[in-house]
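So the sequence shown is numbered by full-length UniProt numbering: it starts at 1 and just counts up by one.
Single-structure report; data block below.
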Amino acid sequence: MIRIILILASVLLLAYPLWGVLQPTTYLTELLEEYPLAIETTSVQIQQASALLWISNGILATAFLLMAKFIGSPSTYLAAKWGALLLILYPIIKTVIEVSSATVLYSHLEHSPISLEFSSVKLFYILFGLALYGIIKSQQGLTQPAN
Numbered sequence: 001m002i003r004i005i006l007i008l009a010s011v012l013l014l015a016y017p018l019w020g021v022l023q024p025t026t027y028l029t030e031l032l033e034e035y036p037l038a039i040e041t042t043s044v045q046i047q048q049a050s051a052l053l054w055i056s057n058g059i060l061a062t063a064f065l066l067m068a069k070f071i072g073s074p075s076t077y078l079a080a081k082w083g084a085l086l087l088i089l090y091p092i093i094k095t096v097i098e099v100s101s102a103t104v105l106y107s108h109l110e111h112s113p114i115s116l117e118f119s120s121v122k123l124f125y126i127l128f129g130l131a132l133y134g135i136i137k138s139q140q141g142l143t144q145p146a147n
């Protein structure tokens, strides 16, 4: 059941930004929540920002898929390690994508405010990835024979 939830979450994460690529005018309301000055943004700018957001969602979706793969075959830890590392990298990549998206969406403005935001939600991904990596390393040590 957990594998199915992780796989479905991955599919949704990958599909959601595609809405902005395929129907940019209807996706604008979603972008305005995060980028309030993007009110007069063009469809091309919305599509570009959506494509950028798809990249960060792709990182998180890949992490979830790797976790699902590990749950399906827990004898090999490689998928879980990569999933944990992607969870650690996700907030960093997301921050870069957010700044890049703001640059794209605010490019029509003369003095556009672009901020770098680091939140507790982003810290959670890093800490969860580190904890997961630590658990994997400790479990891997238990399953390997002593020399």
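Note that CB positions come from ideal geometry on N, CA and C, so glycine has one too.
Bear in mind the structure is a predicted one, so any value in this text is a computation, not a measurement.
| query | result |
| --- | --- |
| Taking contact to mean 3 or more Cβ pairs, one atom from each stretch, closer than 8 Å, check whether the region 101-117 and the region 68-85 are in contact. | no |
| Short check: CB of Thr-95 to CB of Phe-118, under 8 Å? | yes |
| Taking Ile-71 as the reference, give the member of Val-21, Ile-4 and Gly-141 with the closest Cα. | Ile-4 |
| Which one of Ile-126, Leu-105 and Ile-136 has the shortest CA to CA distance from Met-67? | Ile-136 |
| Going by DSSP, what residue range makes up the alpha helix (DSSP H) through Tyr-90? | 78-105 |
| Distance, Cα to Cα, Ala-63 vs Met-1? | 17 Å |
| Using 8 Å as the threshold, is the C-beta distance between Leu-105 and Ala-38 below it? | yes |
| Secondary structure at Leu-109, three-state DSSP: helix, strand or coil? | coil |
| Distance check for Pro-91 and Ser-120, CA to CA, integer angstroms please. | 10 Å |
| Expressed to the nearest angstrom, what Euclidean distance is found between the alpha-carbon atoms of Leu-13 and Ser-100? | 19 Å |
| Using CA coordinates, which residue listed in Glu-33, Ser-56 and Thr-41 is at the minimum distance from Ala-15? | Ser-56 |
| Can you have a look at Leu-8 and say buried or exposed, based on whether 16 or more other CB atoms are within 10 angstroms of its CB? | exposed |
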